[in-house]
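Below is one structure; the comments refer to it alone.
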Amino acid sequence: VLSLEDHQKAWLLWNYSENIRIEYQVAITQWAWAEFREQLGAKKVAGKTLERLKKLIWLAAQDVKAELAGKDVYQHQDLAALCGVKPDN
């Protein structure tokens, strides 16, 4: 476990040890955001869209944690609403 990268250790501790320190979720979502930005490359994306995507990554981490714990997870419409996306978008 000690040889894992910080975001991997954070994922294990946050999801499986019930140690829900906010620092772990921050590390997880910062890693996910960096991975997403790398894949996005030089493509132009509106600022409002980027902010919604940041929220979605945060909520997705919480959703996976809930799923791993056998709890209810968000429906797609609920995630969209929480991120400020209207149904007609």
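The sequence shown begins at 1290 in my numbering and counts up one residue at a time. Heads up, the beta-carbon is just placed ideally off N, CA and C, and yes, glycines get one too. What you are looking at is a predicted structure, and each value in this text was computed from that prediction instead of being measured.
- Sorted by chain position, which residues of the same chain lie with C-beta nearer than 7 angstroms to W1320's C-beta, five sequence neighbours on each side aside? Within the sequence shown, numbered from 1, the residue matching residue 1320 stands at position 31. If we look at W1320 and ignore the five residues flanking it on each side, its Cβ neighbours are H1296.
Item checked: CB of Q1314 within 8 angstroms of CB of W1303, strictly -> Within the sequence shown, numbered from 1, the residue matching residue 1314 stands at position 25. Within the sequence shown, numbered from 1, the residue matching residue 1303 stands at position 14. Cβ distance < 8 angstroms, so Q1314 and W1303 count as in contact.
Worksheet item: So the alpha helix (DSSP H) E1312 belongs to, where does it begin and stop?
Response: In the sequence shown, residue 1312 corresponds to position 23, counting from 1. Unbroken alpha helix (DSSP H) run through E1312: 1311-1329.
Item to complete: Could you round the C-beta distance between A1355 and V1362 to whole angstroms and report it? I think they count as a contact, below 8 angstroms.
Response: Here residue 1355 is taken as the residue at index 66 of the sequence shown, counted from 1. Here residue 1362 is taken as the residue at index 73 of the sequence shown, counted from 1. So it is a contact: roughly 5 angstroms between Cβ atoms.
Practice prompt. If I'm right that L1345 touches L1368 with Cβ under 8 angstroms, what's the distance once you round it to whole angstroms?
Written response: As a first step, residue 1345 must be located in the sequence shown, where it is residue number 56. As a first step, residue 1368 must be located in the sequence shown, where it is residue number 79. The distance from the Cβ of L1345 to that of L1368 is about 7 angstroms, consistent with a contact at the 8 angstroms cut-off.
Exercise. Terminal residues of the continuous alpha helix (DSSP H) containing Q1364?
Worked result: Within the sequence shown, numbered from 1, the residue matching residue 1364 stands at position 75. From DSSP, Q1364 is part of no alpha helix (DSSP H); its letter is neither H nor E.
**Study point:** A1358 classed as buried or exposed, judged by whether at least 16 other C-beta atoms fall within 10 angstroms
**Key:** Taking the sequence shown and counting its residues from 1, one reaches residue 1358 at position 69. Result: exposed.
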